[in-house]
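Numbering (full-length UniProt numbering), first residue to last: 1 to 331. Below you'll find the structure, written out as structure tokens, and then a few comments.
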Ligand SMILES: NC(=O)c1ccc[n+]([C@@H]2O[C@H](COP(=O)([O-])OP(=O)(O)OC[C@H]3O[C@@H](n4cnc5c(N)ncnc54)[C@H](OP(=O)(O)O)[C@@H]3O)[C@@H](O)[C@H]2O)c1
């Protein structure tokens, strides 16, 4: 299990406010003392702020955590490496992330999402994220490489491409939760398992909607309110069924709803990376590691989850074909 640091610095979606940095630092201090503490961040999160906070916290505490960051595959960043001034392509973006964190290497580097043009080298070798990822690995900038939001075809293609250089594809980070379980039925989870690629489950608490604190009457603030309305008001019976199944399971184990949502991801063989914004949430989420769901719990939760209709807005990467017939995304 890891902890996601998207909300650390992101004011657009998460309404981040720097005056609460002391809460994040308190969280970090505690977490960094735990074995195998692992934070997931990205150059896009708070436009580098999340990485900078992690670097500052590490420096001030003298403690280190494992870190995974991500390359933002934006349309104007298309090369494995850029040798002149301009947009930061894969290798330079990785070095910039490391500089923000005050490090010489990181444990995992991921391509945040597929790009319609620049994933695989074609002819001139310039449009080549996968080659750039391999370069980061071979130069020792990163200890492992992964992708994110990749569909089954794409994950196989990148795994094959890196495999030619003897580089293992470590992980595919995808949206995966009781609220968004579709990788189980669309072949993506099976493909990752076949390839030996770990699935990092993002938004495992359904962006907080499965934490038990939100409802049709108690909506989250900011952009999450729309998602919450689509879930709690748009499909009231199935939403109530899922929330109830989570609550009953939590009660049975003397646990919290967030822990149930996280443990369901663990039971499915994924590595959840729940977000946490303060020490209380961190401790609650880490508490998921001290107990396990039994088979009857998983069956009850699966049934409640299967009834939920996909929240279209919950997936920023809908299924579509990109490039030469390669299906890059799966939803
Ligand atoms: N690769 C990608 O494209 C991608 C996309 C999304 C996320 N991610 C990664 O996955 C991580 C986690 O996903 P997420 O943050 O989207 O969703 P999440 O983990 O499902 O939900 C996190 C939010 O739920 C609330 N929360 C967390 N723990 C709680 C607890 N114990 N009790 C009550 N509320 C709690 C907090 O928000 P409030 O307190 O404000 O409710 C927190 O920010 C991100 O931080 C990021 O690293 C990656």
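Positions of the beta carbon are idealized from the N, C-alpha and C atoms, including for glycine. Just so it is clear, the structure is predicted and the values come from calculations on it, not from any experiment.
(request) Please name the residue or residues paired with residue 3 in a DSSP beta bridge. (result) One-based indexing of the chain shown puts residue 3 at position 3. DSSP lists 39 as partners of residue 3.
(request) Kindly indicate which three-state DSSP category residue 54 falls into: helix, strand or coil? (result) As a first step, residue 54 must be located in the chain shown, where it is residue number 54. DSSP places residue 54 in helix when its eight states are reduced to three.
(request) Rank 171, 225, 223 by C-alpha distance to the C-alpha of residue 69 and give the top, closest one. (result) Position 69 of the chain shown, counting from 1, holds the residue named residue 69. Comparing Cα-Cα distances from residue 69 to each of 171, 225, 223, the minimum goes to 171.
(request) Report whether the distance from the Cβ of residue 82 to the nearest heavy atom of ligand 1 is below 7 Å. (result) Reading the chain shown from its first residue, position 82 is the one you call residue 82. No, since every heavy atom of ligand 1 falls outside the 7 Å radius drawn around the Cβ of residue 82.
(message) Would you call the region 216-228 in contact with the region 275-287, where contact means no fewer than 3 C-beta pairs closer than 8 Å?
(response) no
(message) Given this structure, state the Cα-to-Cα distance separating residue 138 from residue 80, to the nearest angstrom.
(response) Residue 138 sits at position 138 when you count from the first residue of the chain shown. Residue 80 sits at position 80 when you count from the first residue of the chain shown. Taking the straight line joining both Cα atoms gives about 13 Å.
(request) Check residue 327 in the structure and name its three-state DSSP category. (result) As a first step, residue 327 must be located in the chain shown, where it is residue number 327. Any reading at residue 327 must be qualified, since the residue scores a pLDDT of 49, below 50, and its modelled position is unreliable; no value is offered.
(request) Could you say if the region 184-191 and the region 223-236 meet the contact criterion of at least three C-beta pairs nearer than 8 Å? (result) No contact exists between the region 184-191 and the region 223-236.
(request) Determine the burial state of residue 251: buried for a count of at least 16 other Cβ atoms within 10 Å of its Cβ, exposed for fewer. (result) Residue numbering aside, residue 251 sits at position 251 when the chain shown is read from its first letter. With fewer than 16 other Cβ atoms within 10 Å, it is exposed.
(message) For ligand 1, I want to know if residue 333 counts as a neighbour, meaning its beta carbon is within less than 7 Å of at least one of the ligand's heavy atoms.
(response) No answer is possible for residue 333: it lies beyond the span of the chain, which begins at 1 and ends at 331.
(request) With DSSP collapsed to three states, give me the class of residue 71. (result) On the chain shown, position 71 is the one that residue 71 refers to. Looking at residue 71 - three-state DSSP - the assignment turns out to be strand.
(request) Determine the contact status of residue 1 and residue 272, defining contact as a CB-CB distance below 8 Å. (result) The sequence position of residue 1 within the chain shown is 1, counting from 1. The sequence position of residue 272 within the chain shown is 272, counting from 1. Yes, they are a contact pair.
(request) Answer yes or no: the CB of residue 76 versus the heavy atoms of ligand 2, is any distance below 7 Å? (result) Ligand 2 is absent from the structure shown, which contains only ligand 1.
(message) Quick check: does the Cβ of residue 111 come within less than 7 Å of any heavy atom belonging to ligand 1?
(response) Here the question's residue 111 lines up with position 111 in the chain shown. Checking the Cβ of residue 111 against ligand 1 gives no.
(message) So for residue 319, helix, strand or coil by DSSP?
(response) Within the chain shown, residue 319 is the residue found at index 319, counting from 1. Per-residue confidence for residue 319 stands at a pLDDT of 44, beneath the threshold of 50, marking its modelled position as unreliable; the derived number appears in the next sentence. If DSSP states are grouped into helix, strand and coil, residue 319 belongs with coil.
(message) Closer than 8 Å is the cut-off here; do at least three beta carbon pairs connect the region 196-211 with the region 92-106?
(response) no
(message) DSSP has residue 273 in a bridge; who is on the other side?
(response) Position 273 of the chain shown, counted from the first residue, corresponds to residue 273. DSSP, once it has assigned bridges, lists no residue as partnering residue 273.
(message) Which residue marks the beginning of the beta strand (DSSP E) containing residue 111, and which one marks its end?
(response) To locate residue 111, count along the chain shown from 1; it is residue 111. Counting along the chain, the beta strand (DSSP E) containing residue 111 begins and ends at 108-111.
(request) Identify which residue in 220, 143, 152 has its Cα closest to the Cα of residue 168. (result) Counted from its first residue, the chain shown places residue 168 at position 168. Closest by alpha carbon: 143.
(request) Taking the CB atoms as reference points, tell me whether residue 211 and residue 265 lie closer together than 8 Å. (result) The residue labelled residue 211 in the question sits at position 211 within the chain shown. The residue labelled residue 265 in the question sits at position 265 within the chain shown. It is not a contact, given that the beta carbons lie outside the stated cut-off.
(message) Assuming residue 262 is part of the alpha helix (DSSP H), what are its boundary residues?
(response) Taking the first residue of the chain shown as 1, we reach residue 262 at position 262. It spans 257-267 - the alpha helix (DSSP H) in which residue 262 sits, taken as one unbroken run.
(request) Express the C-alpha separation of residue 309 and residue 230 in angstroms, rounding to a whole number. (result) Start at 1 with the first residue of the chain shown, and residue 230 comes out as number 230. Start at 1 with the first residue of the chain shown, and residue 309 comes out as number 309. Whole-angstrom Cα-Cα distance: 10 Å.
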